[in-house]
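Right, one structure below, let's go through it.
Number of protein chains: 2
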Amino acid sequence: MRQNTRQKILEAGAEIIHLKGYNHTGLQEILQATGVPKGSFYNYFRSKEDFGLQVIDFFADLFASMAGEIIRDESLTPLEKIARMLDGFMDFFKSKDYAYGCPIGNLAQEMGDLSPAFREKLKRAADKMVDTYRGLLEQARIAGEISADLDATETAYFIVSSWHGALVRMKIEKGQKPLENHKRFIFDYVFRR
Amino acid sequence: MRQNTRQKILEAGAEIIHLKGYNHTGLQEILQATGVPKGSFYNYFRSKEDFGLQVIDFFADLFASMAGEIIRDESLTPLEKIARMLDGFMDFFKSKDYAYGCPIGNLAQEMGDLSPAFREKLKRAADKMVDTYRGLLEQARIAGEISADLDATETAYFIVSSWHGALVRMKIEKGQKPLENHKRFIFDYVFRR
């Protein structure tokens, strides 16, 4: 029960922060969305900041579980897995009318200059995303799908960072184009060099 | 004098919004930074939203003027102009300890889902940035610096969008790496295909 309440607050609060940002989301709004009294909130989170930091872990876990499912699919080659991940995110954002964006990217943009605690946690979360792509690129190299001289770490870093930019553009474009443009340049130029 | 006061409010407010975001910046804070009374603010701006929208124009003009100076430099080839622009932004962000990021990208991320008025204005501002690179890429194609089959519009769109992602990463990295990584992938993979 205790774990359920904590999870309920995290899920509802994460969705509001995902859409509106951290600073623009009031504690009161999170409490109202979950129907949990303030005192109960403080049983699970020391402060709004502590809550925000735990929301980052919540999102990092979500990414890992979405990616993990695709990575375990043995019917796909490593590059097909990367394509499937990007396509999966495209479907997700289409279903959300191209709102939200990546919560890790959003919070990096909003909080990177304002809070060292957020910055450190977001860096670790972004590094985990990079690691996911790096692992797939190393497999792709072994499988001969990409050139042996393509640096897996640098390329993974570029995929994640340029993806975050595509999502920024998506939020004003309200369409698939920036995400498709990102995938095309990664596959047609970086992978097929 | 009238124009000066308006400009003074715009400059000071733009800097605060650039660092803290639109929603997290109070009107009171802008007034304090400029030393202008509330009544005077409303002589120039109908509302905080109207101010925010004019701040977007302010930043778009700033980008155009920075880019314009480089574009007019006849000693540089078109691709050298693109390199100079990216290097110039790197120097700027280094001098700011890798804070701030691109105000257009920041506001797109923050306001894209929250305000149709911001969305429209930001889309126009981002399109102008794309146009700047598109023009240089068309000249680069004519000069034979890039392959004739590289689509100038799509490529310019990718440069701007992936650049915004590099800046998101910069804000948690607090270093040059994401900006250098962006430039390297654009020049080594997209341009030299």
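These protein sequences, in sequence, are chains S and F. Heads up: the first sequence begins at 1 in our numbering, then just goes up one per residue. Heads up: the second sequence begins at 194 in our numbering, then just goes up one per residue. Virtual Cβ for every residue (Gly too), placed ideally from N, Cα, C.
Test item: CB-CB of residue i and residue j under 7 Å
i, j, result
"His18 (chain S)", "Pro116 (chain S)", "no"
"Ile365 (chain F)", "Gly112 (chain S)", "yes"
"Gly245 (chain F)", "Tyr293 (chain F)", "no"
"Tyr382 (chain F)", "Val190 (chain S)", "yes"
"Leu203 (chain F)", "Phe251 (chain F)", "yes"
"Leu279 (chain F)", "Ala301 (chain F)", "no"
"Lys213 (chain F)", "Leu224 (chain F)", "no"
"Ala341 (chain F)", "Pro271 (chain F)", "no"
Residue i beta carbon near the ligand NAD (any heavy atom closer than 6 Å)
i, result
"Thr218 (chain F)", "Absent from the structure shown: the ligand NAD. Ligands present: none."
Rounded straight-line distance, which links the Cα of residue j to that of residue i
i, j, result
"Phe378 (chain F)", "Leu307 (chain F)", "33 Å"
"Ala359 (chain F)", "Val36 (chain S)", "38 Å"
"Asp73 (chain S)", "Thr34 (chain S)", "35 Å"
"Lys48 (chain S)", "Asp320 (chain F)", "37 Å"
"Asp61 (chain S)", "Asp284 (chain F)", "36 Å"
"Lys94 (chain S)", "Met66 (chain S)", "16 Å"
"Leu343 (chain F)", "Asn43 (chain S)", "57 Å"
"Gly368 (chain F)", "Asp290 (chain F)", "8 Å"
"Val248 (chain F)", "Phe282 (chain F)", "19 Å"
"Arg6 (chain S)", "His217 (chain F)", "27 Å"
"Arg192 (chain S)", "Leu329 (chain F)", "25 Å"
"His357 (chain F)", "Asn299 (chain F)", "8 Å"
"Gly261 (chain F)", "Phe118 (chain S)", "37 Å"
"Glu303 (chain F)", "Glu313 (chain F)", "14 Å"
"Glu273 (chain F)", "Leu220 (chain F)", "42 Å"
"Ala205 (chain F)", "Asn197 (chain F)", "12 Å"
"Ile146 (chain S)", "Glu373 (chain F)", "22 Å"
CB contact check: residue i to chain S, cutoff 7 Å
i, result
"Lys146 (chain F)", "Because residue 146 (chain F) is not part of the residues shown, which for chain F are 194 to 386, the question remains open."
"Ser355 (chain F)", "yes"
"Val361 (chain F)", "yes"
"Val248 (chain F)", "no"
"Tyr235 (chain F)", "no"
Close Cβ partners of residue i (< 8 Å) along its chain, the five nearest in sequence each way excluded
i, result
"Ser162 (chain S)", "His182, Phe185, Ile186"
"Thr153 (chain S)", "Val130, Arg134"
"Ala207 (chain F)", "Val248, Phe251, Phe252, Pro296"
"Leu269 (chain F)", "Ile263, Arg277"
Proximal residues to residue i (C-beta, below 7 Å), its chain only, five neighbours per side dropped
i, result
"Tyr133 (chain S)", "Ile82, Ala156, Ile159, Val160"
"Pro178 (chain S)", "Ala166, Arg169, Met170"
"Ala29 (chain S)", "Here residue 29 (chain S) is Glu; the residue named in the question, Ala, does not match the sequence. For Glu29 (chain S), where only same-chain residues beyond five positions count, the Cβ hits under 7 Å are Ile16."
"Phe63 (chain S)", "Met129"
"Ala143 (chain S)", "Thr77, Pro78"
"Glu331 (chain F)", "Ala345"
Under 7 Å by beta carbon: chain A residues contacting residue i
i, result
"Pro271 (chain F)", "Looking for chain A here will not work: the only protein chains present are S and F."
Close beta carbons around residue i, own chain, < 6 Å, minus the five adjacent residues each side
i, result
"Phe45 (chain S)", "Phe51"
"Ala188 (chain F)", "Outside the displayed span of chain F (194 to 386) sits residue 188 (chain F), for which this structure offers no information."
"Lys201 (chain F)", "Thr227"
Chain F contact for residue i (CB, 7 Å cutoff)
i, result
"Gly175 (chain S)", "no"
"Gly39 (chain S)", "no"
"Val50 (chain S)", "For clarity, residue 50 (chain S) is Asp in the given sequence; the question names Val instead. Answer no: the Cβ-Cβ gap between Asp50 (chain S) and chain F never drops below 7 Å."
"Phe185 (chain S)", "yes"
Given a limit of 8 Å on CB to CB distance, which residues of the region 278-303 of chain F reach chain S?
Of all residues in the region 278-303 of chain F, only Ala292, Tyr293, Gly294, Gly298, Asn299, Ala301, Gln302, Glu303 come within less than 8 Å of chain S when Cβ atoms are compared, listed by chain position.
Select from the region 335-354 of chain F all residues with a C-beta closer than 7 Å to any C-beta belonging to chain S, and list them in chain order.
Hits within the stretch, in order: Glu347, Tyr350, Phe351, Ser354.
Under 7 Å, CB to CB, which of the residues in the region 309-330 of chain F have a partner in chain S?
Arg312, Leu315, Lys316, Ala319
Chain S contacts made by the region 194-228 of chain F, where a contact means CB separation under 8 Å
Leu212, Lys213, Gly214, Asn216, His217
Residues in the region 58-76 of chain S with C-beta within 9 Å of chain F's C-beta atoms, listed in sequence order?
none
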